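Protein chains: 2
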Amino acid sequence: MRKAFSDELNATFDDLADMCALVESAVNGATKALMTGDASTAEKVISGDAEIDKMRERIEEESFTLLSLQAPVASDLRLLVAALRMVSEVERMGDLSVHVAKIARLRVPDLAVPAEMLSIMQRMAEVAVDMVTRVRQIIISRDVEAAIALGRADEEMDQLRRQSFAELLSDNWTHGVEPAVDIALLGRYYERIADHAVSIASRVVYVVTGHRLEEQ
Amino acid sequence: MRKAFSDELNATFDDLADMCALVESAVNGATKALMTGDASTAEKVISGDAEIDKMRERIEEESFTLLSLQAPVASDLRLLVAALRMVSEVERMGDLSVHVAKIARLRVPDLAVPAEMLSIMQRMAEVAVDMVTRVRQIIISRDVEAAIALGRADEEMDQLRRQSFAELLSDNWTHGVEPAVDIALLGRYYERIADHAVSIASRVVYVVTGHRLEEQ
Numbered sequence: 265m266r267k268a269f270s271d272e273l274n275a276t277f278d279d280l281a282d283m284c285a286l287v288e289s290a291v292n293g294a295t296k297a298l299m300t301g302d303a304s305t306a307e308k309v310i311s312g313d314a315e316i317d318k319m320r321e322r323i324e325e326e327s328f329t330l331l332s333l334q335a336p337v338a339s340d341l342r343l344l345v346a347a348l349r350m351v352s353e354v355e356r357m358g359d360l361s362v363h364v365a366k367i368a369r370l371r372v373p374d375l376a377v378p379a380e381m382l383s384i385m386q387r388m389a390e391v392a393v394d395m396v397t398r399v400r401q402i403i404i405s406r407d408v409e410a411a412i413a414l415g416r417a418d419e420e421m422d423q424l425r426r427q428s429f430a431e432l433l434s435d436n437w438t439h440g441v442e443p444a445v446d447i448a449l450l451g452r453y454y455e456r457i458a459d460h461a462v463s464i465a466s467r468v469v470y471v472v473t474g475h476r477l478e479e480q
Numbered sequence: 265m266r267k268a269f270s271d272e273l274n275a276t277f278d279d280l281a282d283m284c285a286l287v288e289s290a291v292n293g294a295t296k297a298l299m300t301g302d303a304s305t306a307e308k309v310i311s312g313d314a315e316i317d318k319m320r321e322r323i324e325e326e327s328f329t330l331l332s333l334q335a336p337v338a339s340d341l342r343l344l345v346a347a348l349r350m351v352s353e354v355e356r357m358g359d360l361s362v363h364v365a366k367i368a369r370l371r372v373p374d375l376a377v378p379a380e381m382l383s384i385m386q387r388m389a390e391v392a393v394d395m396v397t398r399v400r401q402i403i404i405s406r407d408v409e410a411a412i413a414l415g416r417a418d419e420e421m422d423q424l425r426r427q428s429f430a431e432l433l434s435d436n437w438t439h440g441v442e443p444a445v446d447i448a449l450l451g452r453y454y455e456r457i458a459d460h461a462v463s464i465a466s467r468v469v470y471v472v473t474g475h476r477l478e479e480q
C-alpha cells in the first residue's frame, strides 16, 4: 500500500513536471511571437493554454482522489498538498505566457518592442525559460540545493526590469507611450513567471526540509 | 470528533475571512496613498503586509495540522484543501496592495496619477475593495449564489481597464511615459486583486457544489 502510494505520488509529480514542460514551450513560443511579430506562433500559445488548463484539472483530481482514498500522513501528506498548490502556480505561468503572446498579437505585423529593447526583452525571456526548466527538474528531483539556488536566481530578472524601466523613462526614449506600456507589462509578466518558479522551488524546500526558504 | 472537526474547520474559514479584512484595509490604504500622495499611509500598507504573511503561515499550519491529525474525508477534506489554496490567493491580494502603495510612495509628494485619471483609478479601487468585501462574506457564508454573482462582477473592472488604456494611448495624452506606465501597472494590480476574488469565489462554488464555476 505505502509503495503503491509512493508510486502514485511520483506519478503526480511527473505530471506536474510535464505540465511545466508545456509552460516552457509556451514561454518560448510567446517570446518568439514577440521577437518576430509572427501571429500564428502567438495564436498557438493562446489556444495551447487549454491543454495546460486540462492538465491542471487532471492533476488536481488525481491528487484529490489520492488524498481521499489513501489518507497519507506526514511527509507524504505534505508532498501531496504541495503538489495541489504548485499546480495552480504552474497554470499561472501558462496564463502569463498567454498575456505575452496577446501583446505580440495585438501589434502584428509590427513588433511590440522597439529594436533597441529587443535584446533586454530576449534576456528576460531567457531567464524566465531557464527558471521554468530548472523548476521542472526540481519538481522531479526534489533537490533542495537546486531549489535554494533557484530562489536566488531571480536577481538577474530584477536587474533587467530596473534596466528596462531606466530605458523607457530616459530622455532618449523616442517611441512614445504605447511601446513603453507594452514593455512595462511584458516585464511584469516575465518577472511573475520567475516569481512563480521561485515560489514552487521554495515549496519544494519546505516539504523536503520542513523549513521555509527565507529561513535557510 | 466530527463536531470538533467542523468547529475547527469553521475557525479556519473565520481566520481566512479575518485575513481578507486585513487585505481590505490594505487595498483601501494603498488607494488613499495613491489618491493623496501621503507617504505615511503608503508606509503603513507596506509594513503591514508582514501581519498578513504571518496570518497566512498560521492558517497554513493550522490547516495542515487539522489535515494530519483528523484525516477528514469527502466534503470536509475538500473544504480544508480549498482553504489551503485560498490562503495563497488572499496573501497575493495583500502583495498587490503593497505594489500599489509602492508606486504611490515612489512619486511622493506628487501624485502618480494625473488629475483627470483619478476618478477612473478611484473606481477601479472601489470595485477591487467591493470584491474583497464580498469574497470575505462568501468565505464565511459559503453562499454559492453570491459566489456565482461575484464571478460575473469583474466585468466592470475589465471595462475600466480598457477605458484607462484608451485614455493613455489617445492623442490627448499629454503626461508622457512615466504616468502612463504607472497607470498601466496600477490597473494590472487592481485587476489581479479582482481576479483573485473571483478565483476564491469559484473555489467556494466548487467545494460546495462539486462543479466548477465555468460549468454553472
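From first to last, the protein sequence lines stand for chains A and B. Going by this note's numbering, the final residue of the first sequence carries number 480, and the count climbs one at a time with no gaps. Going by this note's numbering, the final residue of the second sequence carries number 480, and the count climbs one at a time with no gaps. Ideal Cβ placement from N, Cα and C applies to all residues, glycine included. Please read these numbers as outputs of a predicted model, since none were measured by experiment.
Contacts around residue i, its chain only, beta-carbon distance under 7 Å, and the 5 residues preceding and following it disregarded
i	result
Ala417/B	Met395
Glu559/A	Residue 559/A falls outside the range modelled here, since chain A spans only 265 to 480, and no answer is possible.
Met299/A	Leu382 and Gln386
Val378/A	Inspection of the sequence shows that residue 378/A is occupied by Pro rather than by Val. Closer than 7 Å at the Cβ level, and outside the excluded window around Pro378/A, lie His439 and Pro443.
Ala285/A	Arg400
Glu420/A	Val391
His460/A	Glu353, Arg356 and Met357
Leu280/A	Ile323, Ala347, Met350, Val351, Val354 and Ile403
Asp374/A	Gly301
Ser405/A	none
Cβ neighbours of residue i in the same chain (closer than 8 Å, five flanking residues each side left out)
i	result
Ile384/A	Leu424, Gln427, Ser428 and Glu431
Phe269/B	Leu330, Gln334, Pro336 and Asp340
Asp317/B	Glu355 and Gly358
Val408/B	Val468, Val469, Val472 and Thr473
Asp313/A	Ala290, Gly358, Asp359, Ser361 and Val362
Thr476/B	The residue you asked about is not Thr; residue 476/B is Arg in the sequence shown. Result list for Arg476/B: Ser466, Val469 and Tyr470, in chain order.
Glu288/A	Val393, Val396, Thr397 and Arg400
Lys296/B	Asp302 and Thr305
Leu450/B	Leu298, Val364, Ile367, Ala376, Val377, Met385 and Met388
Spatial neighbours of residue i in its chain, beta-carbon cut-off 6 Å, leaving aside the 5 residues before and after
i	result
Val372/B	Gly301 and Ala303
Ile464/B	Met350, Glu353 and Val399
Gln480/A	Residue placement at Gln480/A cannot be trusted, given a pLDDT of 44 that sits under 50; the coordinates are not used to answer.
Ala392/B	Val291, Tyr454, Ile457 and Ala458
Leu414/A	Arg398 and Ala465
Val410/A	In the sequence under discussion, the amino acid at residue 410/A is Ala, which differs from the Val named in the question. The residues are Ile402.
Val462/B	Gly415 and Asp418
Glu272/B	Leu330
Ala294/A	Val309, Ser361, Val364 and Ala365
Thr320/B	For the record, residue 320/B in the displayed sequence is Arg; it is not Thr. Same-chain partners within the cutoff: Val351 and Glu355.
Asp446/A	Ile367 and Ala376
Ala448/B	none
Met283/A	Met319 and Val354
Check: residue i C-beta below 7 Å from any heavy atom of the ligand SAH
i	result
Ser327/A	Looking at this structure, you won't find the ligand SAH or any other ligand, since it has none at all.
At a CB distance below 8 Å, what residues from the stretch 331 to 355 of chain B approach chain A? Give them in sequence order.
Leu331, Ser332, Ala335, Val337, Ala338, Leu341, Arg342, Val345, Leu348, Arg349 and Ser352
Do three or more CB pairs link the stretch 446 to 462 of chain A to the stretch 271 to 280 of chain B at distances below 8 Å?
no
Residues of the stretch 440 to 452 of chain A with a CB closer than 7 Å to any CB of chain B: list them in chain order, please.
Taking 7 Å as the Cβ-Cβ cut-off against chain B, the residues of the stretch 440 to 452 of chain A that qualify are Val441, Glu442, Ala444, Val445, Ala448, Leu449 and Arg452.
Check whether the stretch 317 to 336 of chain B touches the stretch 339 to 354 of chain A, taking contact to mean three or more Cβ pairs, one atom from each stretch, closer than 8 Å.
yes
Note down, one range per segment and in chain order, each beta strand (DSSP E) of at least 3 residues found wholly within the stretch 299 to 366 of chain B.
none
Taking a Cβ distance cut-off of 7 Å, strictly less, list which residues of the stretch 272 to 301 of chain B are near chain A, in chain order.
Cβ proximity to chain A below 7 Å picks out nothing from the stretch 272 to 301 of chain B.
At least 3 beta-carbon pairs within less than 8 Å: the stretch 433 to 452 of chain A vs the stretch 308 to 318 of chain A
no
For the stretch 382 to 467 of chain A, list the alpha helix (DSSP H) runs that are entirely contained and at least 4 residues long, ordered along the chain.
Taking only runs of at least 4 residues, the alpha helix (DSSP H) segments lying wholly in the stretch 382 to 467 of chain A are 382 to 405, 408 to 415 and 419 to 432.
Positions along the stretch 358 to 376 of chain A whose CB lies within less than 7 Å of some CB in chain B:
For the stretch 358 to 376 of chain A, which is checked against every Cβ of chain B, not one residue is closer than 7 Å.
Going along the chain, which residues of the stretch 419 to 438 of chain A sit with their C-beta nearer than 7 Å to a C-beta in chain B?
Leu432, Leu433 and Trp437
Anything in the stretch 309 to 328 of chain B with a Cβ closer than 9 Å to a Cβ of chain A? List those residues in chain order, please.
Glu321, Ser327 and Phe328
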